[in-house]
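For reference, the structure is listed below as structure tokens.
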Amino acid sequence: MADFSRLPGPNADLWDWQLLAACRGVDSSLFFHPEGERGAARSARENSAKEVCMRCPVRAECAAHALAVREPYGVWGGLTEDEREELMGRARNRLVAATASASAGGETAAPH
């Protein structure tokens, strides 16, 4: 008989926020770019997606999820993939700087 005791419990609670999302029922192509989309067309689509996100009651949860799982595509929580990558890069840079500072001076530097 299989031992299920080590398996994680139900994780539906982790996704409940999606039930309240303003994007439910909206065509997903608004949030995910087609192959080769660039320039004004991409900017217009992303801005339209962000308008949906701006009125969403779970925008923060959505953005946090996309950042936590490093979602590579689409507009999540009002952030484009490029904006999320920029935020993650800034966080990495602060961590590297704090680590270098702590190593050089023997002090623990808190990231901003």
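In full-length UniProt numbering, the protein residues as written are 1 to 112.
Just so it is clear, CB atoms sit at the ideal spot from N, CA and C, and this is done for glycine as well.
- Using a C-beta cut-off of 8 Å, the region 72–82 makes contact with the region 15–32, since at least three inter-stretch Cβ pairs fall below that distance.
- Taking C-beta atoms as the reference points, Ala60 and Leu79 fail to come closer than 8 Å.
- Between the alpha carbons of Gly39 and Leu19 lies a distance of about 32 Å.
- Taking 8 Å as the cut-off, the Cβ atoms of Ala22 and Arg55 count as close.
- By the neighbour-count criterion, in which 16 or more other beta carbons inside 10 Å mark a residue as buried, Ala66 falls on the buried side.
- Val58 sits away from Trp15, with the two beta carbons spaced by 8 Å or more.
- Around the Cβ of Glu46, a 10 Å sphere holds 16 or more other Cβ atoms; the residue is buried.
- Within the same chain, Cβ atoms closer than 7 Å to the Cβ of Val26 are found at Val52, the five residues on either side in sequence being excluded.
- Within the same chain, and ignoring the five residues on either side of Ala49 in sequence, the residues whose Cβ sits closer than 6 Å to its Cβ are Leu30, Phe31, Val75.
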